[in-house]
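> Position 90 of the sequence shown, counting from 1, maps to 98 under my numbering, and the rest follow consecutively.
Glycine included, every Cβ here is placed at the ideal spot set by N, Cα and C.
I'd like to ask you about the structure that follows.
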Amino acid sequence: MMDKTFDPAAVEARIAAAWESGEAFKAGRPERAGAKPFTMVIPPPNVTGSLHMGHALNNTLQDILCRFERMRGRDVLWQPGTDHAGIATQMVVERRLAEAKEPGRREIGRAAFVEKVWAWKAESGGAIVNQLKRLGASCDWSRERFTMGVSGAPDDQMVRAVTRTFVDLHAQGLIYRDKRLVNWDPKFQTAISDLEVLLVEVKGHLWHFDYPVVDAAGAETGEIITVATTRPETMLGDTAVAVHPEDERYTHLVGKRVRLPLVGRLIPIIADSYSDPEKGTGAVKITPAHDFNDFEVGRRAGCTPINILDSEARISLDGNAAFLADANPEPEALALHGLDRFEARRRVVALMEARERLRLTEPNTHAVPHGDRSNVVIEPYLTDQWYVNVKPLAERALQAVRDGKTRFVPENYERTFFQWLENIEPWCISRQLWWGHQIPVWYDEVGGIYVAMSEAEAQGQADAKRGAPVALSRDEDVLDTWFSSALWPFSTLGWPEETPELARYYPTDTLVTGKDIIFFWVARMMMLGLHVTDRVPFSTVYLHTLVRDASGAKMSKSKGNVVDPLGLIDQYGADALRFTLAAMAAQGRDIKLAVNRVEGYRNFATKLWNASRFAEMNGCTLRTDYRPEDARETLNRWALGEAARAVAEVTAALDAYRFNDAAAAAYRFVWNIFCDWYLELAKPVLQGEGVEAAAKAETQATVAFLIDQIAKLLHPFMPFLTEELWAIKGEGLPERGLLALAPWPDLAALNDSDSEAEIGWLVDLVSEIRSARSETSVPAAAQIPLVVVSADADLRARATRWGDTLVRLARLSEIRFEAAAPKNSVQLLVRGSVAALPLEGIVDLAAEVARLKKEAAKAGAEIAKIEGKLDNADFLARAPDEVVDEQRERRDTEAARLEKITEALARLAA
């Protein structure tokens with residue numbers, strides 16, 4: 009006997025254990041040796057991570073595809089693993105040392121610190137994996153990989169993959185060392201990627217400084233040029249002032265020089281289109297060492313960058329040859345050495361004001377880059393780093409997409425991909441951290457560079473070059489985490505060795521990931537995959553959007569609007585959360601997650617559970633001799649045909665990555681067709697007296713069969729509930745096995761147009777009657793007559809056959825057949841036939857028409873008001889995206905309401 013209620017907490021762990029013991033998710037199962045493989049790689053979550061809503065969405069969608077393809081008979085490999093997350097993991101372990109009052113990493117040294125990180129990983133690094141298992145992720149967990157390998161040793165396969173790639177790219181001239189600007193985190197003292205930079209709105213100031221123009225001899229002419237800056241301290245590193253070449257205010261000054269206040273350096277006035285005549289004074293101070301745009305302007309003008317900050321963002325002037333060259337700094341300027349940048353900013357402004365060089369100070373709110381983990385202001389910083397020349401790699405990736413070897417879903421993301429790769433800059437791959445893949449480069453004492461797979465190989469190169477044994481030191485930097493992640497589709501399969509797994513499962517089939525890392529991960533996998541293996545790493549990239557809160561705002565801890573997926577799983581079960589995310593995952597649209605939606609889909613699970621209990625209590629059990637194609641009862645043939653339609657719709661939607669449409673089709677069949685209509689219509693057969701035994705037996709068998717098909721249909725979305733139902737309903741059946749390995753439904757032969765015409769007419773007629781009753785305010789308890797108008801013999805027979813059902817479900821007093829619709833009746837058009845509901849004496853039709861017209865006017869006014877806002881360009885420019893989306897949703901809701909009111913008025917008018 010089934011339990012009264014479905015309790016996810018009592019079931020999920022047990023079901024997960026059954027999957028694990030049955031090796032349900034293991035790739036290369038013997039019975040699938042000849043099956044076509046289907047491969048996906050999980051976007052490796054940070055080893056420091058905890059399951060958030062983005063993970064929940066991403067892995068739910070991946071799992072739906074994997075379970076779907078596994079049931080379609082494919083040999084599925086969903087490759088799991090985690091990312092070593094360089095800066096995040098190092099930060100976690102450093103914080104742990106501080107909390108334990110142990111010596112910091114610099115005190116204990118690199119080797120000891122890395123050992124502590126590995127110890128932390130062994131102790132705490134598996135949390136995210138266990139959380140993914142709670143979600144139901146059907147990865148082949150026996151193949152779990154880590155981007156740093158098992159131990160990080162040089163001979164570890166994952167480490168060799170990274171080292172081999174670096175060595176080969178360097179040998180091919182694609183990896184090189186250069187001095188360029190990077191995003192520099194002064195707290196962690198490392199370069200960071202653009203993805204790790206957050207733009208934060210800050211209320212600051214814009215300071216306008218006067219720079220005096222000088223003549224050829226260096227004497228001030230009395231003319232000044234005014235520049236504006238939000239970072240006054242950087243003026244110490246100015247190397248030029250730029251004006252637009254067509255700005256008539258300054259054309260006479262181009263080619264002349266100004267004396268840089270406080271510093272005394274003479275710097276040129278240059279013409280460059282970067283300067284915007286409409287912005288500020290139209291003249292821009294150029295500081296190539298401390299601004300990305302200025303770096304490019306300076307390079308075009310031949311200016312030498314002058315770095316005036318150290319790695320901790322303090323002013324660095326003493327012994328700074330570049331700063332002192334051609335300068336005559338004032339003592340007060342030199343006294344800025346060693347100051348924090350913000351204190352230096354305050355003093356520079358004061359010094360400029362004291363010299364009457366401060367023309368204007370105005371408030372200025374602007375976006376300032378911050379480190380996403382350090383929360384300190386990021387500095388553009390000039391430093392030596394390792395780079396990949398990705399331009400030639402990008403060309404191959406672009407061509408692969410143009411040739412259709414890899415496609416993007418939704419397709420519009422191809423434009424984003426093209427735009428980035430067509431304008432790609434060299435990739436900075438070095439990081440000043442200790443945790444990560446240490447760069448395989450060694451140096452001798454005279455600056456010789458040796459790039460090798462191992463220290464022994466580097467030593468051999470050095471000894472051969474120098475003719476005698478030499479001492480080597482290894483580059484202390486590590487590689488950007490994205491470098492190892494870019495190899496993920498093939499390194500996880502054993503590359504650089506030619507393994508059987510690499511031969512069978514690479515290239516992979518589909519990559520599911522967030523749209524926000526199309527540049528940082530997807531493009532880099534494409535570039536390195538093609539370069540290293542000569543094949544695209546995946547044929548399809550599905551990019552999903554963000555999960556926002558119920559109002560459409562981005563979730564953040566500071567806003568207090570973060571929804572914890574583990575909390576929702578605890579409260580409603582993993583299936584309810586998964587189905588919610590799938591049902592809302594429309595292509596290209598962010599998800600507005602309201603907890604009541606999760607609760608609603610928990611109720612959906614309860615509905616199916618209760619329907620299954622109803623079936624059990626009414627003797628609906630599986631029969632091994634049941635053949636659905638032999639069903640004779642019209643109702644059963646209709647239900648089987650509707651199941652066939654649902655399977656076709658879900659299959660087509662999943663093939664097209666329309667997860668929301670697939671979920672909607674499954675939901676419609678289970679809730680509306682099976683539970684609300686089929687079981688309701690079958691009750692007289694299952695529970696009535698005097699029913700033909702064969703009809704009852706067939707109906708019982710059909711109900712049981714359809715519950716099995718529902719379990720299969722819903723399994724990709726709701727694996728725990730369906731696996732439990734599969735086990736309960738199949739108890740005692742030989743070779744039942746796990747639902748996760750059962751075949752996908754194949755019901756195409758069960759479509760039946762005749763039964764659909766009959767039962768579909770019945771369902772539509774009852775639905776129309778119910779809608780009409782609701783729209784015209786017929787009292788719920790009132791029984792009203794139904795008039796079938798001008799019925800032919802077939803329609804008359806159909807209405808008579810289902811007369812008792814119509815009376816019961818539509819709350820009718822009688823069914824009559826007449827040549828014309830009675831006066832004061834609501835007319836219904838159902839599949840070409842006309843029916844009427846005489847309402848005289850039941851509803852005040854005139855009053856109802858007046859009420860509906862009033863409601864229509866109210867809805868129309870609200871729509872006009874909202875459209876007025878949406879047509880206002882100023883509103884669209886200023887309002888947050890979530891506010892604009894809310895207005896559009898309100899308009900759509902009112903429009904749908906107005907449509908229903910209009911339909912009701914049309915019925916009454918008829």
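On the DSSP letters alone, give me the boundaries of the alpha helix (DSSP H) that glutamate 776 sits inside.
It spans 761-783 - the alpha helix (DSSP H) in which glutamate 776 sits, taken as one unbroken run.
> Are the CB atoms of glycine 245 and phenylalanine 331 nearer to each other than 9 Å?
It is a contact, given that the beta carbons lie within the stated cut-off.
> Applying the criterion that 16 or more other CB atoms from any shown protein chain within 10 Å of the CB defines a buried residue, is threonine 259 buried or exposed?
It counts as exposed.
> Tell me which residue opens and which closes the beta strand (DSSP E) that methionine 61 is part of.
That residue, methionine 61, is in no beta strand (DSSP E); its alpha helix (DSSP H) goes 61-79.
> Would you report the Cα separation of asparagine 611 and aspartate 900, rounded to the nearest angstrom?
Near 26 Å, if we compare the C-alpha coordinates of aspartate 900 and asparagine 611.
> Less than 9 Å separating the beta-carbons of asparagine 191 and glutamate 209?
Their beta carbons are not under 9 Å apart, which means asparagine 191 does not touch glutamate 209 by this criterion.
> What are the partner residues of methionine 48, as DSSP defines its beta bridges?
BP columns for methionine 48 point to Trp86.
> Can you name, in chain order, every residue of its own chain whose Cβ lies under 8 Å from the Cβ of asparagine 67, other than the five neighbours on each side?
Hits under 8 Å: Ile50, Leu140, Leu143, Ala145.
> What did DSSP end up calling leucine 244 once you bin it into helix, strand or coil?
Of the three classes helix, strand and coil, the one that applies to leucine 244 here is helix, per DSSP.
> To which residues of the same chain is arginine 512 closer than 7 Å at the C-beta, ignoring the five residues directly before and after it?
Around arginine 512: Pro45.
> What residues are listed by DSSP as bridge partners for aspartate 193?
Paired residues: Thr198.
> May I ask you to verify whether the stretch 708-725 touches the stretch 775-790, counting CB pairs closer than 8 Å and requiring at least 3?
Output reads no: the stretch 775-790 does not touch the stretch 708-725.
> If I measure Cβ to Cβ from glutamine 467 and keep anything under 7 Å in the same chain, skipping five residues before and after, which residues do I get?
Contacts found: Leu480.
> Counting beta carbon pairs with one atom in the stretch 455-469 and one in the stretch 485-499, are three or more of them shorter than 8 Å?
No, the stretch 485-499 does not touch the stretch 455-469.
> Does DSSP put isoleucine 850 in a helix, a strand or coil?
It is coil, neither helix nor strand.
> Short check: CB of proline 38 to CB of glycine 89, under 9 Å?
Cβ distance not < 9 Å, so proline 38 and glycine 89 don't count as in contact.
> Taking just the CA atoms, how far does arginine 640 sit from alanine 780?
Answer to the nearest angstrom: the Cα atoms are 34 Å apart.
> Quick check on this structure: which residue in Ala652, Ala670, Glu637, Met592 has the alpha carbon closest to the alpha carbon of glycine 608?
The option with the nearest alpha carbon to glycine 608 is Met592.
> Please state if the CB of alanine 402 and the CB of leucine 429 are separated by a distance shorter than 9 Å.
Yes, these two residues count as a Cβ contact at 9 Å.
> Are there 16 or more other CB atoms within 10 angstroms of the CB of glutamine 595, so buried, or fewer, so exposed?
Buried: at least 16 other Cβ atoms inside 10 Å.
> Three-state secondary structure (DSSP) at cysteine 147?
It is coil, neither helix nor strand.
> Between serine 761 and arginine 806, what straight-line distance do the alpha-carbon atoms span, to the nearest angstrom?
Rounded to the nearest angstrom, the two C-alpha atoms are 15 Å apart.
> To which residues of the same chain is threonine 198 closer than 8 Å at the C-beta, ignoring the five residues directly before and after it?
Ile95, Trp192, Arg439, Gln440, Leu441, listed in sequence order.
> If I follow the unbroken alpha helix (DSSP H) through histidine 539, where does it start and stop?
Counting along the chain, the alpha helix (DSSP H) containing histidine 539 begins and ends at 532-541.
> Can you say whether glycine 958 is buried or exposed, counting buried as having 16 or more other CB atoms within 10 angstroms of its CB?
A query on residue 958 cannot be resolved here, the shown segment of the chain reaching from 9 to 918 and no further.
> Take valine 356 and list the residues in its own chain whose beta-carbon comes closer than 8 Å to its own, dropping the five residues that flank it on each side.
Cβ within range, chain order: Pro240, Glu241, Met243, Leu244, Leu270, Leu344.
> Glutamine 393 bridges to which residues according to DSSP?
Partner(s): Asp186.
> Among Gly444, Ser324, Arg482, Ser547, whose alpha-carbon lies nearest the alpha-carbon of glycine 412?
Of Gly444, Ser324, Arg482, Ser547, the residue nearest in Cα terms is Ser547.
> How is cysteine 311 classed by DSSP in three states: helix, strand or coil?
Cysteine 311 falls in the coil class under three-state DSSP.
> By Cβ distance, which residues of its chain are closer than 6 Å to serine 319, with the 5 residues on each side in sequence left out?
Taken in chain order, the residues that qualify are Gln197.
> Report the rounded CA-to-CA distance for leucine 189 versus proline 377, giving the unit in angstroms.
When rounded, the distance between both Cα atoms is 15 Å.
> Taking the alpha carbon of alanine 673 as the reference point, which residue from Ala660, Leu836, Leu85 has its own alpha carbon closest?
Of the listed residues, the one whose Cα sits closest to alanine 673 is Ala660.
> Comparing C-alpha positions only, which one of Asp557, Leu630, Pro636 sits nearest to arginine 605?
Nearest option by C-alpha distance: Asp557.
> Who are the Cβ neighbours of isoleucine 432 in its own chain at under 7 Å, not counting the five residues just before and after it?
Result list for isoleucine 432: Val398, Lys399, Ala402, in chain order.
> Roughly how many angstroms separate the alpha carbons of asparagine 880 and lysine 523, rounded to a whole number?
Taking the straight line joining both Cα atoms gives about 29 Å.
> Helix, strand or coil: how does DSSP classify tryptophan 617 here?
Helix.
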